[in-house]
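**Student:** For the sequence shown, the positions run 0 to 170 when numbering that gives the first Met the number 0 is used.
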Amino acid sequence: MAVLAKSEITKMIKSGDLNITPFELSQIGAGSIDLHLGDEFRIFRSHKGIIDVSEAIEHGSISELVKAGKSGIILKPGQFINGITKESIKLPKNISGRIEGRSRFARVGLLVHVSSGFVQPGSDGRVVLEIANLSKVKLRLIPGIKICQIILEEVKGSGGYSGNYLHQQHP
């Protein structure tokens, strides 16, 4: 697998093989594409019982979908929430993606994706971000900021994602 450089990413976007909406060419870096934070978040409710971690877990029953205003959302120390990218991304079946946080935010204790940073080949939708505040201070998340980047890699052979989160639009 090889990481796609700016020239290859630009070529794929112009040919329509890679689709990102909304998008500006200035989002493309040397080997990645900047993605922005959307305005929807999934906030987990306090729960005194035990939640079984299984394939049957239902996130909606333990969380609330919240739309943030222009002033953003406050993430308390130790708090975990789901966010989502502003952009919807449609990858071809021979390209996968890897979400990486930005160093400037990691240095203040913000994790942008806790564990599932892999975007399957053929995925089509917005990327859910598992966001955690590891610092000892409150952090304000403002919709529209460049929150992360996606690194695109060529997949040997042809895959195609058809899982539960295909066409996802909400965290």
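Cβ coordinates follow ideal geometry from the N, Cα and C atoms, glycine included.
1. Comparing alpha-carbon positions, which option in Ile146, Gln119, Leu24, Phe117 lies nearest Ile130?
2. Alpha carbons only, please: which of Glu153, Ile88, Ser122 is nearest the one belonging to Leu34?
3. Among Ile61, Glu39, Ile73, which one has its Cα closest to the Cα of Leu109?
4. Using the DSSP secondary-structure output, state which residues sit across from Leu151 in a beta bridge.
5. Name the DSSP beta bridge partners of Thr84, please?
6. Tell me whether Glu99, by its Cβ, gets closer than 6 Å to a heavy atom of the ligand FMN.
7. Would the beta-carbon of Arg44 fall within 7 Å of that of Ile61?
8. DSSP state of Ile56, grouped into three classes?
9. Considering only DSSP beta bridges, list what Ser62 is partnered with.
10. Could you give the distance in angstroms between the alpha-carbon of Val127 and the alpha-carbon of Gly116?
11. For the structure I just gave you, are there three or more beta carbon pairs, one from the segment 94–101 and one from the segment 22–30, closer than 8 Å?
12. Leaving aside the five residues before and after Ile50 along the sequence, list all residues of the same chain whose C-beta is less than 8 Å from its C-beta, in chain order.
13. Going by C-alpha to C-alpha distance, which of Leu90, Val107, Leu140, Val136 sits closest to Val118?
14. Going by C-alpha distance, which of Lys10, Gly37, Gly124, Gly15 is nearest Lys85?
15. Using the Cβ count rule (16 or more neighbours within 10 Å means buried), how would you classify Pro76?
16. In this structure, how does DSSP classify Arg103 when only helix, strand and coil are distinguished?
**Tutor:** For this structure:
1. Ile146
2. Ile88
3. Ile73
4. Gly96
5. Leu36
6. With respect to the ligand FMN, the structure shown offers nothing to examine, as it has no ligands at all.
7. yes
8. coil
9. Phe43
10. 9 Å
11. no
12. Ile56, Ile61
13. Leu90
14. Gly37
15. exposed
16. helix
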